[in-house]
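Numbers given in our numbering equal positions in the sequence shown, counted from 1, plus 3.
Below you'll find the structure, written out as structure tokens, and then a few comments.
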Amino acid sequence: MENCILKVALDTPLDFCFDYVWAVEESTVRPLAGQLVLVPFGRREVVGLIVAVHETSEVPLDKLKQAIAVRTQLTPLSAEWIALCTFAADYYQRPLGEVAIPGLPKNLRALKTTSLDKAIKKLGKAGAVHDATPIAMPQLNPAQQEAADAIASATGFAPTLLYGVTGSGKTEVYLQAAAQILAHSSDEHNPAQILILVPEINLTPQLEANVRARFPDVAIATLHSGLAEGERMMHWLAAHLGQARIILGTRLAILSSLPHLKLIIVDEEHDPSYKQQEGLRYSARDLAVWRAHQLNIPIVLGSATPSLETWHHAQSGRYRKLELRERAVRDAVLPKVGLIDLERKAPREQMTEGVSATLIAALKLRMERGEQSLLFLNRRGYAPVIACDSCRWISNCTRCSAFLVLHKLDKRLRCHHCGYEQRIPRSCPTCGNVDLQPLGRGTQRVEENLQAIFPEARILRIDADSTRRKGSAQAAFDTVHRGEVDILIGTQMVAKGHDFQNLTLVGVMNPDTALFSHDYRASERLFAQLMQVAGRAGRVAQKEGGSASEVLIQTRYSQHPLYAAVRTHDYDTFASELLEERQQACFPPFMYQALLRAEAKELKIALDFLHQAIDCVEHGGITMNDPIPMTMTRVANVDRAQLLVECASRPALQAFLKVWIATLREMKSRVRWSLEVDPVDI
Numbered sequence: 004m005e006n007c008i009l010k011v012a013l014d015t016p017l018d019f020c021f022d023y024v025w026a027v028e029e030s031t032v033r034p035l036a037g038q039l040v041l042v043p044f045g046r047r048e049v050v051g052l053i054v055a056v057h058e059t060s061e062v063p064l065d066k067l068k069q070a071i072a073v074r075t076q077l078t079p080l081s082a083e084w085i086a087l088c089t090f091a092a093d094y095y096q097r098p099l100g101e102v103a104i105p106g107l108p109k110n111l112r113a114l115k116t117t118s119l120d121k122a123i124k125k126l127g128k129a130g131a132v133h134d135a136t137p138i139a140m141p142q143l144n145p146a147q148q149e150a151a152d153a154i155a156s157a158t159g160f161a162p163t164l165l166y167g168v169t170g171s172g173k174t175e176v177y178l179q180a181a182a183q184i185l186a187h188s189s190d191e192h193n194p195a196q197i198l199i200l201v202p203e204i205n206l207t208p209q210l211e212a213n214v215r216a217r218f219p220d221v222a223i224a225t226l227h228s229g230l231a232e233g234e235r236m237m238h239w240l241a242a243h244l245g246q247a248r249i250i251l252g253t254r255l256a257i258l259s260s261l262p263h264l265k266l267i268i269v270d271e272e273h274d275p276s277y278k279q280q281e282g283l284r285y286s287a288r289d290l291a292v293w294r295a296h297q298l299n300i301p302i303v304l305g306s307a308t309p310s311l312e313t314w315h316h317a318q319s320g321r322y323r324k325l326e327l328r329e330r331a332v333r334d335a336v337l338p339k340v341g342l343i344d345l346e347r348k349a350p351r352e353q354m355t356e357g358v359s360a361t362l363i364a365a366l367k368l369r370m371e372r373g374e375q376s377l378l379f380l381n382r383r384g385y386a387p388v389i390a391c392d393s394c395r396w397i398s399n400c401t402r403c404s405a406f407l408v409l410h411k412l413d414k415r416l417r418c419h420h421c422g423y424e425q426r427i428p429r430s431c432p433t434c435g436n437v438d439l440q441p442l443g444r445g446t447q448r449v450e451e452n453l454q455a456i457f458p459e460a461r462i463l464r465i466d467a468d469s470t471r472r473k474g475s476a477q478a479a480f481d482t483v484h485r486g487e488v489d490i491l492i493g494t495q496m497v498a499k500g501h502d503f504q505n506l507t508l509v510g511v512m513n514p515d516t517a518l519f520s521h522d523y524r525a526s527e528r529l530f531a532q533l534m535q536v537a538g539r540a541g542r543v544a545q546k547e548g549g550s551a552s553e554v555l556i557q558t559r560y561s562q563h564p565l566y567a568a569v570r571t572h573d574y575d576t577f578a579s580e581l582l583e584e585r586q587q588a589c590f591p592p593f594m595y596q597a598l599l600r601a602e603a604k605e606l607k608i609a610l611d612f613l614h615q616a617i618d619c620v621e622h623g624g625i626t627m628n629d630p631i632p633m634t635m636t637r638v639a640n641v642d643r644a645q646l647l648v649e650c651a652s653r654p655a656l657q658a659f660l661k662v663w664i665a666t667l668r669e670m671k672s673r674v675r676w677s678l679e680v681d682p683v684d685i
């Protein structure tokens, strides 16, 4: 064979692979599917993935460009990995190259191979360690032991929901099940790999510390977007070469190369952070289930508040359900949940800058006893807006359908959507009034208020503003764990996964807005959020003379059924009622959806495009809802609209989308559009 044809996937919007010639007689290299290759593309040179090697091409040979170099120093990516990327591309309606290539570390896609060669050499010197003997294995309670044994003994594709209350020891179940699987596959030529996914980067340090303490002689890789590029490539290569036995990561880790994968664990599987919101809008949880099915291996989905989709599968028997109904620590009980009724007529609750007298008294009691408290407010900044009482001017963003948020410490007004910021005006831009007032409260304002109420208190705020620098989030959490904080103020960053040993009080501020959201998922998310943040309290046995753990929720709607379910920690009833509502309303998981978004300089142009999209193909059996502006209509001077597509059959929806997307790509338009399958924000 004088020449061979390489079918190469490139990171382009074009939905096909490109053919390149490889002169076999001029090289000793025999290209293989799964290898990376350097090729010319237009006026550039880029790295692509060889999907297949053929003898002939439909394109005349004299029209084909020649591939430049094959990255032979890297073992080929497996056929299973290519199949995973192909499935993701087909299901989420994206070109294969836009899935496979961005899923690789940037240094692996670099034109020069210097960093790749150094990394492979370094890993070669380190060698592989196969001693997976765990140490310091704590005694499990009967429910935990039953769950760990069931997971470890599962054969073939076995999707399992590990449904356990907060503090029930789900992480310990993961580790002991992992220990059993690693022990049963000690073959150095086929060492088992275990993938553990967490929803957010700030949860990885605590989990990594637990895993390293348990398995000191096991190579561990961590994969998330917060790593430096060189570090990320080293960890990716360790996983790809089979040296890393345990792989921890956020959603991007599901697309990593794991040739010996034997178990997948998705912790906090309900978390919306598992859904990518840019580019390839994939669900890492759903791809994890598909990957487990593809490899015929077990998968565990863990949560105290499972997503309704997962709960529905468990209730219908598609997933096995394992339950942990009690907290793992003996004598540690779920916190008592109380409601502070802000609408009560008598006696009227006295408020100090948004904090009720009842909550202030509870904070004071914990401080006196040397215990920690958490105030949860999912709104960063000082205040959501500043306003003028004279002319009613408010601090709107000039580029978005949003307010500029007051950041008092930075002396800036900042848009949390487009990033635009400006100095705080000294007077009203409209009427000149110098008495501008902040409206509403963010975490910064609550922190300032509590410092005034408790000047002797050690108060720490953890949110996206206070943890911008690399490592600052972990440093802040370490401060809490060392007991150097009396009152912690935080957003959703503190609401899940963290094990605060001395925290006995959680106060929740301003949760009511989610009760009136247009998003049908809002109540499900609010319930999960409240249950998760409540679970930070009382995770150890109550000290003698100490306070019983407690959660206090400030609300104006104390009679709402959602709060009644939170008070009794009754996820089962709440989920059953929500599923019944979803079925009656024909919402997921009883209906399958896709969302077409359009962006243009004018809203009318975007809406006109969506109307054309409805009429461009036949859509029998498919429900095409009316195009509407998005809730956040304008972002960064671009107007946005959306079109929701629904169908009771997933295969029918997928078949329609393939035809529809192909037609939309042929339409000439000034509109930038994108499609999201299984949207989570509508």
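Even for Gly, the Cβ is constructed at its ideal location relative to N, Cα and C.
Notebook entry, point to check: Can you tell me whether DSSP reads Y95 as helix, strand or coil?
Noted result: coil
Notebook entry, point to check: With burial defined as no fewer than 16 other Cβ atoms inside 10 Å of the residue's Cβ, what is the status of K284: buried or exposed?
Noted result: The displayed chain sequence assigns Arg, not Lys, to residue 284. So R284 ends up on the buried side.
Checklist line | Continuous alpha helix (DSSP H) stretch holding I324: start and end | finding: Note on identity: in this sequence residue 324 is Lys, with Ile being the wrong assignment. That residue, K324, is in no alpha helix (DSSP H); its beta strand (DSSP E) goes R323 to L327.
Check: How is the alpha helix (DSSP H) around M370 delimited, first residue to last?
Finding: A360 to E371
Item checked: Assumed close pair A603, R673 - CB separation to whole angstroms, cut-off 8 angstroms -> 6 angstroms
Margin query: With three or more beta-carbon pairs closer than 8 angstroms as the criterion, would you say the segment 124 to 143 touches the segment 175 to 188?
Written below: yes
Checklist line | Those residues which DSSP pairs with A150 across a bridge | finding: Per DSSP, none; premise fails for A150.
Note to self: Counting C-beta neighbours from all protein chains within 10 Å, is the total for D681 16 or more, i.e. buried, or is it exposed?
What the structure shows: buried
Next item on the list: Following the continuous beta strand (DSSP E) through V201, name the residue where it begins and the one where it ends.
Entry: Here V201 belongs to no beta strand (DSSP E), and DSSP marks it neither H nor E.
Checklist line | Selection from M670, L298, L610 and P654 that minimises the alpha carbon distance to L647 | finding: L610
Next item on the list: Round the Cβ separation of W25 and L9 to the nearest angstrom and send it over; I've been treating them as touching at under 8 angstroms.
Entry: 5 angstroms
Next item on the list: Quick one: measure Cβ to Cβ for L325 and Y166, integer angstroms, because I've assumed they're closer than 8 angstroms.
Entry: 7 angstroms
Item checked: Whole-number beta carbon distance between V102 and A91, since they are thought to touch under 8 angstroms -> 5 angstroms
Item checked: Pairwise C-alpha distance: S526 and G106 -> 33 angstroms
Checklist line | Inter-residue Cα distance where the pair is A55 and E48 | finding: 20 angstroms
Item checked: Segment contact flag, the segment 304 to 317 with the segment 155 to 170, C-beta cutoff 8 angstroms, min 3 pairs -> yes
Next item on the list: Output the residue ranges of the alpha helix (DSSP H) runs that lie fully inside the segment 210 to 265 and measure 4 residues or longer, sorted by chain position.
Entry: 232 to 243
Check: Is the segment 57 to 64 touching the segment 80 to 90 in the sense that three or more CB pairs, one from each, lie closer than 8 angstroms?
Finding: no
Next item on the list: Could you please give me the residues that DSSP links to P162 through a beta bridge?
Entry: I302
Notebook entry, point to check: What residues are listed by DSSP as bridge partners for G510?
Noted result: L378 and L555
Next item on the list: Closer than 7 angstroms by C-beta to E312: which residues in its own chain qualify, once you throw out the five before and the five after it? Chain order, please.
Entry: P591 and P592
Next item on the list: Tell me whether the beta-carbon of R464 lies closer than 9 angstroms to the beta-carbon of G357.
Entry: no
Next item on the list: Identify whether E580 lies in helix, strand or coil by the three-state DSSP scheme.
Entry: helix
Item checked: Proximity below 9 angstroms, CB of N141 to CB of E175 -> Per the sequence presented here, residue 141 reads as Pro, with Asn not at that position. Yes; because the gap between Cβ atoms is below 9 angstroms, this pair is in contact.
Check: Would a C-beta distance cut-off of 9 angstroms place S359 and Q179 closer than the cut-off?
Finding: no
Note to self: Under DSSP, the alpha helix (DSSP H) around S526 begins and ends at which residues?
What the structure shows: A525 to A537
Next item on the list: Could you tell me the boundaries of the beta strand (DSSP E) in which L598 lies?
Entry: Y595 to A603
Check: Should Q586 and L656 be called a contact, given that it needs their Cβ atoms to be closer than 9 angstroms?
Finding: no
Next item on the list: Measure the alpha-carbon distance for V554 versus V340 and round it to whole angstroms.
Entry: 5 angstroms
Margin query: Does N452 come out as helix, strand or coil in the three-state DSSP assignment?
Written below: helix
Notebook entry, point to check: Quick one: what's got a C-beta closer than 8 angstroms to L67's C-beta in the same chain, skipping five residues either side?
Noted result: I8, D22, Y23, V24 and S60
Checklist line | Length-filtered (4 minimum) alpha helix (DSSP H) runs lying within the segment 424 to 476 | finding: 446 to 456
Item checked: Closest by C-alpha distance to R235, when choosing among F218, T666, V221 and T253 -> T253
Next item on the list: In the DSSP assignment, find the alpha helix (DSSP H) that holds W314 and state where it starts and stops.
Entry: L311 to S319
Note to self: Would D489 and M635 be called neighbours here (beta carbons separated by less than 9 angstroms)?
What the structure shows: no
Margin query: Does K348 come out as helix, strand or coil in the three-state DSSP assignment?
Written below: coil
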